[in-house]
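Novice:
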Amino acid sequence: MHDDLHGGDNGDEEDMFEGLDDDEIQEINSARARRRKAAYERVIAAGGANSLILSNYAQLLYEFDKDIKRAEMYFKQAVRAEPADGEAMRRYAIFLWHVRGDMAKAEDMFTEAIDEEPQSSHIRSSYAWFLWMTGGVETCLIDNSKNNNGDDAE
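Per the UniProt record's numbering, residue 1 is the first one in the sequence shown, and the count goes up by one each step.
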């Protein structure tokens with residue numbers, strides 16, 4: 001599970017799970033996911049969903065329910081929501097990469113996310129990771145062939 005996608009810091013979670021076996025921990029995590037999913041569904045049904053809610057819901061659909069089709073539908077809604085949200089775009093790019101295996105669309109979505117939030121180091125680092133892992137290494141490395149004045153280095 002991605003903490004940055006589902007609520008951040010888990011605090012004393014390790015202490016809470018102390019003494020539990022893997023099945024018990026899995027059941028606790030499943031119950032949490034069901035509660036989050038129900039909460040997102042209530043907000044969406046009430047018409048109060050924004051890009052964050054939609055992308056969180058999409059994330060739950062594909063990570064816990066393995067419902068790829070519906071997850072993609074909600075990711076698409078999230079990236080079309082106003083105001084535009086680079087984080088929703090970043091999440092959809094990762095989905096396109098890992099789940100759909102569509103490198104071209106993933107790269108397009110990463111670049112849209114960067115265009116939307118150019119100062120976000122989180123989005124930029126995710127894009128660099130994507131490039132590194134998919135063979136676009138030359139794109140994500142600093143060009144050291146030039147010196148400070150722009151002339152070719154010898």
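Even for Gly, the Cβ is constructed at its ideal location relative to N, Cα and C.
Where do the N-terminal and C-terminal ends of the alpha helix (DSSP H) with residue 24 fall, by residue?
Specialist: Reading the sequence shown from its first residue, position 24 is the one you call residue 24. Looking at the DSSP string, the run of the alpha helix (DSSP H) that includes residue 24 is 22-45.
Novice: Please say whether residue 78 and residue 67 have beta carbons closer to each other than 9 Å?
Specialist: Locating residue 67 in the sequence shown gives position 67, counting from the first residue. Locating residue 78 in the sequence shown gives position 78, counting from the first residue. Not in contact: residue 67 and residue 78 (Cβ atoms no closer than 9 Å).
Novice: Assign residue 125 to one of two classes, buried (16 or more other C-beta atoms within 10 Å of its C-beta) or exposed (fewer than that).
Specialist: Numbered from 1 along the sequence shown, position 125 holds the residue referred to as residue 125. Per the 10 Å Cβ criterion, exposed.
Novice: Taking 8 Å as the cut-off, does the CB of residue 98 come closer than this to any heavy atom belonging to the ligand GDP?
Specialist: For the ligand GDP, the structure offers nothing, since it holds no ligand at all.
Novice: Assuming residue 89 and residue 112 form a contact by the criterion Cβ under 8 Å, report the distance between their Cβ atoms to the nearest whole angstrom.
Specialist: If you number the sequence shown from 1, residue 89 lands on position 89. If you number the sequence shown from 1, residue 112 lands on position 112. With 8 Å as the limit, residue 89 and residue 112 qualify as a contact, their Cβ atoms being about 5 Å apart.
Novice: Three or more C-beta pairs under 8 Å: does that hold for the stretch 29-38 against the stretch 52-65?
Specialist: Counting Cβ pairs under 8 Å, three or more are found: they touch.
Novice: Comparing C-alpha positions only, which one of 122, 53, 60 and 17 sits nearest to residue 187?
Specialist: The shown model of the chain, from 1 to 154, leaves out residue 187, and the question about it has no answer.
Novice: Excluding the 5 residues flanking residue 50 on each side, which residues of the same chain have their C-beta closer than 7 Å to its C-beta?
Specialist: For the purposes of this step, residue 50 is taken as residue 50 along the sequence shown, with counting starting at 1. Taken in chain order, the residues that qualify are 81.
Novice: Near residue 58, which residues of its chain fall below 6 Å by C-beta distance, leaving aside the five closest residues on each side in sequence?
Specialist: Within the sequence shown, numbered from 1, the residue matching residue 58 stands at position 58. Excluding positions up to five away in sequence, the list reads 71, 74 and 75.
Novice: Specify the secondary structure class of residue 135 as computed by DSSP and reduced to three states.
Specialist: In the sequence shown, the residue the question calls residue 135 occupies position 135. It is coil, neither helix nor strand.
Novice: Use the C-beta contact count for residue 135: other C-beta atoms within 10 angstroms, 16 or more gives buried, fewer gives exposed.
Specialist: As a working mapping, residue 135 is identified with position 135 in the sequence shown. Under this definition residue 135 is an exposed residue.
Novice: For residue 20, count neighbouring Cβ atoms within 10 angstroms of its own Cβ and tell me buried if that reaches 16, exposed if not.
Specialist: As a position in the sequence shown, residue 20 is number 20, starting the count at 1. So residue 20 ends up on the exposed side.
Novice: Can you tell me whether residue 109 is buried or exposed? The criterion is at least 16 other CB atoms within 10 Å of its CB, across all chains shown.
Specialist: On the sequence shown, residue 109 is found 109 positions in, with the first residue counted as 1. Residue 109 should be labelled buried.
Novice: Is DSSP giving residue 130 helix, strand or coil here?
Specialist: If you number the sequence shown from 1, residue 130 lands on position 130. Helix at residue 130.
Novice: Measuring only the C-alpha atoms, how far is residue 45 from residue 83?
Specialist: Here residue 45 corresponds to residue number 45 of the sequence shown, with the count starting at 1. Here residue 83 corresponds to residue number 83 of the sequence shown, with the count starting at 1. Roughly 20 Å separates the two Cα atoms.
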